[in-house]
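The number in the working numbering is simply the position in the sequence shown, starting from 1, with 167 added. Where is the CB? At the ideal position from N, CA and C, for every residue including glycine. Only a predicted model underlies this, so the values are computations on that prediction, with no experimental measurement involved. Everything below concerns the one structure shown next.
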Amino acid sequence: VKHICQYICIYFNNRLNTVSQILWWIIWGQGPNSIEITVMLIIHNYWFLYIPYLTWLYFDWHTPDHNYIFGFHPHGIMAVGAFGNFSINYSDFEDLFPGFSSYLHVLPLWFWCPVFREYVMSARLVSVSKKSMSYMVSKEGGGNISVIVLGGAKESLDAHPGKFTLFICHASLVPVFSFGENELFKQIDNPEGSWIRTVQNKLQKIMGFALPLFHARGVFQYNFGLMPYRKAIHTVVGRPIPVHQTLHPTQEQIEELHQTYTEELRKLFEEHKG
């Protein structure tokens with residue numbers, strides 16, 4: 168009897184998670200009104216029960232007297248780990264980072280869409296424009312964390328080290344790696360030179376962001392659909408990289424910070440990939 172009850176509880180819990188997934192996609196696609204926003208806030212926790220989370224920290228974050236920029240890797244298809252950990256407080260962000268406020272930065276495009284803009288803002292998302300970034304990390308008193316998901320579009324992958332100028336001017340830089348992010352969806356093969364990649368590159372140049380063709384599982388089957396696979400995500404937050412704040416950094420300083428960040432990110436990955 169005990170085993171039967173456990174099976175029933177697990178079954179209904181999984182179905183509840185599936186329903187929350189369906190509602191999440193419906194609201195995301197249609198744009199929320201005030202009632203839908205309320206529903207969204209209620210089901211957020213159930214949506215992320217579907218994907219087990221664990222956040223590891225390697226720094227004492229109990230002194231919110233500075234502002235930080237978190238470089239989140241990898242981007243994945245939808246940056247689910249960044250949204251769950253740093254936007255809706257699923258992994259108990261407020262307990263892990265007492266006194267801090269986190270802001271996930273996304274493409275300005277999402278703020279141009281009527282109605283959908285309200286959904287984006289209800290989740291505490293902020294534009295990734297340089298002006299918005301400068302404002303967030305320049306706030307006096309500290310305690311602000313700006314999260315940037317790197318590598319979404321081809322330009323992000325090929326970004327020039329000069330982009331680190333903002334970090335030197337305003338805030339310390341923290342590498343973050345999310346293991347399991349790329350396991351939530353499968354992307355249709357698009358090798359360089361294929362017609363799919365050619366079309367994606369052209370659209371990306373026009374719109375400014377990449378359009379991956381992906382799939383995962385469905386509601387009643389596990390072979391095809393838009394619901395992510397039930398995979399665990401382990402997000403590791405590294406130690407802040409000491410940055411000498413200067414309003415006019417030299418090219419040497421920029422290159423040095425870029426190299427240091429790359430080394431720290433690689434070290435973070437190698438230490439915890441097992």
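Could you tell me the distance, in whole angstroms, from the CA atom of residue i to the CA atom of residue j?
i, j, result
"histidine 229", "phenylalanine 283", "35 Å"
"glutamate 430", "phenylalanine 436", "10 Å"
"aspartate 356", "histidine 411", "43 Å"
"histidine 401", "phenylalanine 237", "16 Å"
"glycine 309", "serine 268", "9 Å"
"proline 231", "phenylalanine 253", "16 Å"
"leucine 414", "asparagine 311", "20 Å"
"glutamate 350", "proline 416", "39 Å"
"phenylalanine 381", "serine 289", "26 Å"
"tryptophan 195", "glutamate 422", "Residue placement at tryptophan 195 is flagged as unreliable, the pLDDT there being 42, under the threshold of 50; the coordinate-derived value follows with that caveat. Taking the straight line joining both Cα atoms gives about 40 Å."
"glutamate 438", "valine 403", "10 Å"
"tryptophan 277", "glycine 318", "18 Å"
"glycine 408", "phenylalanine 387", "Looking at the sequence shown, residue 408 is not glycine but isoleucine. The straight-line gap from Cα to Cα measures roughly 46 Å."
Along the chain, where does the beta strand (DSSP E) that runs through residue i open and close?
i, result
"valine 341", "339-346"
"isoleucine 373", "Note, isoleucine 373: premise wrong, no beta strand (DSSP E); alpha helix (DSSP H) at 362-374."
"leucine 292", "292-294"
"threonine 402", "400-404"
Counting C-beta neighbours from all protein chains within 10 Å, is the total for residue i 16 or more, i.e. buried, or is it exposed?
i, result
"tryptophan 366", "Correcting the residue type first, residue 366 is valine in the shown sequence and not tryptophan. Classification of valine 366: exposed, given that the 10 Å Cβ count is below 16."
"valine 293", "buried"
"tyrosine 389", "exposed"
"glutamate 348", "buried"
"alanine 399", "exposed"
"isoleucine 171", "exposed"
"glycine 360", "exposed"
Am I right that residue i and residue j are in contact with their C-beta atoms under 8 Å? What's the rounded C-beta distance?
i, j, result
"glycine 385", "methionine 394", "6 Å"
"valine 343", "glycine 405", "7 Å"
"histidine 240", "leucine 432", "6 Å"
"valine 316", "histidine 242", "5 Å"
"serine 339", "tyrosine 235", "5 Å"
"alanine 377", "phenylalanine 352", "In fact, because the Cβ distance is near 14 Å, the residues do not count as touching under 8 Å."
"serine 313", "tyrosine 270", "5 Å"
Would you mind reading off the limits of the alpha helix (DSSP H) that contains residue i?
i, result
"leucine 234", "Leucine is not the amino acid found at residue 234; the sequence shown has asparagine there. Premise fails: asparagine 234 is in no alpha helix (DSSP H) and is neither H nor E."
"serine 268", "Element bounds for serine 268: not the alpha helix (DSSP H) but the beta strand (DSSP E), 268-273."
"asparagine 252", "247-253"
"serine 299", "297-304"
"valine 287", "283-289"
"isoleucine 421", "418-439"
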